[in-house]
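As numbered in the working numbering, residues 77 to 264 make up the sequence shown, in order. What follows is a short report on a single structure.
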Amino acid sequence: MLLQELSEHQLQLVEILHTHAHLDHFLASGKIKEATGAKLSLHQEDSFLWDMLEDQCGMFGIPYEPAPPPDHWLEHEEETLLQGCCLHTPGHTPGSMSFFFEEENPLFAGDTLFQGLIGRTDLWGGDFNTIETSIREVLYKLDEATTGITGQGLSPTIGGKSGNPKPLSGVEFLFQIQQLLFPVQSLP
77 MLLQELSEHQ
87 LQLVEILHTH
97 AHLDHFLASG
107 KIKEATGAKL
117 SLHQEDSFLW
127 DMLEDQCGMF
137 GIPYEPAPPP
147 DHWLEHEEET
157 LLQGCCLHTP
167 GHTPGSMSFF
177 FEEENPLFAG
187 DTLFQGLIGR
197 TDLWGGDFNT
207 IETSIREVLY
217 KLDEATTGIT
227 GQGLSPTIGG
237 KSGNPKPLSG
247 VEFLFQIQQL
257 LFPVQSLP
């Protein structure tokens, strides 16, 4: 689908910016790189996850598709193409990154942040205190009108004011997930 869109709009993909190295975010990277010649970029603290792609696939029963190693290690506050800024937002994984484009105001947050929720911290290298710090000290410093584009489809508004996503305890997180999956319906 991505390759078809690129072709239809006569666009050339030059870089694949990875928010983190969980298999659902980079499993197709090898094929996309092969088809486009695009550079693969990732934060170095997620290199151990990249190296264990085959193990990640095996744990979830997903066929293994080899991916070449990253071409470039991303750094915090590094400038990207199109005048974006790389933000190191560890917690979901040690190398989790978010990408902010100030002029248009979107934030690609990967799995660090969701609508009213934070990303999981119970997988390889995840840490609740670290993701809480990333949200408070990096993401909440962005303009409150910034629109978050997450890795799982929900788009929060970023900022430090009420109504914005907040770190949750493990019990609160499980309750929020339960409500998303099995919402309690009010009586008529």
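Note that the Cβ used here is the ideal one computed from N, Cα and C, for glycine as well.
Open item on the list: Please tell me whether Thr169 and Leu99 are closer than 8 Å, where the distance is taken between their beta carbons.
Closed with: Not closer than 8 Å, so no.
Task: Inter-residue CB distance, Leu163 and Phe176 (contact presumed, cutoff 8 Å) - done: The Cβ separation is near 6 Å, so the contact holds.
Task: Alpha carbon of Glu121 to alpha carbon of Glu154, nearest angstrom - done: Each residue's alpha carbon lies about 15 Å from the other.
Task: Leu87, buried or exposed, once every other Cβ within 10 Å from all chains shown has been counted against 16 - done: With fewer than 16 Cβ atoms within 10 Å of its Cβ, Leu87 is classed as exposed.
Open item on the list: Whether or not the stretch 220-227 and the stretch 177-186 are in contact is what I'm after, with contact meaning three or more pairs of Cβ atoms, one per stretch, closer than 8 Å; do they touch?
Closed with: Here the stretch 177-186 makes contact with the stretch 220-227; the two share three or more CB pairs at distances below 8 Å.
- [ ] Specify the secondary structure class of Trp126 as computed by DSSP and reduced to three states.
- [x] Helix at Trp126.
Task: Which residues DSSP lists as bridging Met173, in chain order - done: Note: Met173 sits in a beta bridge opposite His164.
- [ ] Drop a sphere of 10 angstroms on the beta-carbon of Gly167, count the other beta-carbons inside from all chains shown, and report buried for 16 or more, exposed for fewer.
- [x] Flag for Gly167 reads buried.
Open item on the list: Helix, strand or coil for Ala111? Go by DSSP, reduced to three states.
Closed with: In the structure shown, Ala111 sits in a helix (DSSP, three-state: H, G or I).
Open item on the list: Classify Met173: buried if its beta carbon has 16 or more other beta carbons within 10 angstroms, exposed otherwise.
Closed with: So Met173 ends up on the buried side.
Open item on the list: Please return the same chain residues whose Cβ sits closer than 8 Å to the Cβ of Val214, not counting the five positions on each side in sequence.
Closed with: Only Leu163, His164, Thr165 and Ser174 meet the Cβ criterion.
Open item on the list: Report the CB separation of Leu103 from Asp147 in whole angstroms; it is logged as a contact under 8 Å.
Closed with: The Cβ separation is near 18 Å, so there is no contact.
Open item on the list: Based on DSSP bridge pairs, tell me the residues matched to Ser117.
Closed with: In the DSSP output, where bridge partners are listed per residue, Ser117 has Leu93 and His148.
Task: Beta-bridge partners of Glu155, as assigned by DSSP - done: Partner(s): Cys161.
Task: Residues near Trp149 by beta carbon distance below 6 Å, same chain, minus five either side - done: Excluding five sequence positions before and after Trp149, the CB atoms of its chain that fall closer than 6 Å to its own CB belong to Gln120, given in chain order.
- [ ] Flag this pair as yes or no: are the beta carbons of Leu82 and Leu93 separated by less than 8 Å?
- [x] No, Cβ-Cβ distance for Leu82 and Leu93 is not below 8 Å.
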